[in-house]
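Under the numbering used here, the first residue of the sequence shown carries the number 602, and numbering increases by one thereafter.
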Amino acid sequence: ISSVSNDTPTARFVIRYNAAHPKQVTRYFNPGASYDAFYLLAYATFALGDAKVDGAALARAFARLVPPGREIEVGSTSIFDGITALAAGENIDIRGASMALDFNLATGEAPSDFALVCPELGPDGAISGDLESGVYYRAATRTTEGAIRCP
């Protein structure tokens with residue numbers, strides 16, 4: 602399984618990443634989760650204002666980073682919108698490169714959509730990568746949808 606690759610934040614992340622790094626990544630496999638974690642920590646720290654930064658305070662600050670709030674995509678193009686909203690006392694709804702970051706504040710879990718992947722075969726018949734199969738798990742409805750289209 603893999604994160605759904607056709608989300609706009611995922612595509613933008615992969616484009617930016619590949620422009621800056623010699624080792625290319627794909628929409629299917631990329632370090633988007635680490636990127637999301639950095640932005641969550643940075644926004645939570647900013648949301649604390651003048652308060653002491655510690656684990657408990659950061660955990661409480663996550664309540665300002667989930668819906669309802671202004672939608673902010675991770676990445677450099679939305680930083681100023683995010684910090685402006687937080688500085689004004691608003692909440693923001695962070696859209697991650699790897700998934701929607703709508704954490705359940707009681708459990709810490711973030712329901713995520715996933716794609717079932719199939720091996721991609723190269724001209725020689727060897728596995729050369731992975732492709733989304735056409736089958737998706739939708740966390741909001743706890744259902745699967747689509748049909749397998751593996752080669």
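Note that CB positions come from ideal geometry on N, CA and C, so glycine has one too. Every value quoted in this text rests on a predicted model; they were computed, and no experiment measured them.
(request) Decide yes or no for the touch test of the stretch 629-639 against the stretch 694-709: beta carbon pairs closer than 8 angstroms, at least 3 of them. (result) Here the stretch 629-639 lies against the stretch 694-709, with 3 or more beta-carbon pairs under 8 angstroms apart.
(request) Measure the beta-carbon distance from Leu706 to Phe647 and round it to whole angstroms, keeping in mind my assumption that it falls under 8 angstroms. (result) Here residue 706 is taken as the residue at index 105 of the sequence shown, counted from 1. Here residue 647 is taken as the residue at index 46 of the sequence shown, counted from 1. With a Cβ gap of about 18 angstroms, Leu706 and Phe647 do not count as contacting.
(message) Can you tell me which residues form a DSSP beta bridge with Ala701?
(response) In the sequence shown, residue 701 corresponds to position 100, counting from 1. Partner residues in the beta bridge of Ala701, as assigned by DSSP, are Arg696.
(message) Please give me, in chain order, every unbroken run of the beta strand (DSSP E) with length at least 3 that falls completely inside the stretch 616-678.
(response) Counting whole runs of 3 or more residues, the stretch 616-678 contains the beta strand (DSSP E) stretches 671-674.
(request) Identify, in the order they occur along the chain, each residue of the same chain with its Cβ nearer than 7 angstroms to the Cβ of Thr745, setting aside the five sequence neighbours on each side. (result) As a first step, residue 745 must be located in the sequence shown, where it is residue number 144. Val736, Tyr737, Tyr738, listed in sequence order.
(request) Answer yes or no: do Ile695 and Val675 have a C-beta to C-beta separation smaller than 8 angstroms? (result) Position 94 of the sequence shown, counted from the start, is the residue given in the question as residue 695. Position 74 of the sequence shown, counted from the start, is the residue given in the question as residue 675. Yes, these two residues count as a Cβ contact at 8 angstroms.
(request) Note down, in chain order, each residue of its chain lying with its Cβ closer than 6 angstroms to the Cβ of Val667, except the 5 sequence neighbours on either side. (result) Counted from its first residue, the sequence shown places residue 667 at position 66. Contacts found: Asp703, Phe704.
(request) Could you spell out where the alpha helix (DSSP H) holding Thr685 opens and where it closes? (result) On the sequence shown, residue 685 is found 84 positions in, with the first residue counted as 1. It spans 680-688 - the alpha helix (DSSP H) in which Thr685 sits, taken as one unbroken run.
(message) Let me check you understand the geometry: is the CB of Arg613 closer than 7 angstroms to at least one non-hydrogen atom of the ligand ZN?
(response) With respect to small molecules bound, the structure shown includes none, and the ligand ZN cannot be examined in it.
(message) Excluding the 5 residues flanking Arg661 on each side, which residues of the same chain have their C-beta closer than 8 angstroms to its C-beta?
(response) The residue labelled residue 661 in the question sits at position 60 within the sequence shown. Cβ neighbours of Arg661 beyond the five flanking positions: none.
(message) Output needed for Leu649: all residues of its chain with C-beta closer than 6 angstroms, excluding positions within five of it in sequence on either side, in chain order.
(response) Sequence index remark: in the sequence shown, residue 649 carries index 48 (1-based). Excluding sequence positions up to five before and after Leu649, its CB lies within less than 6 angstroms of the CB of Ala658, Ala662, all in the same chain and listed in chain order.
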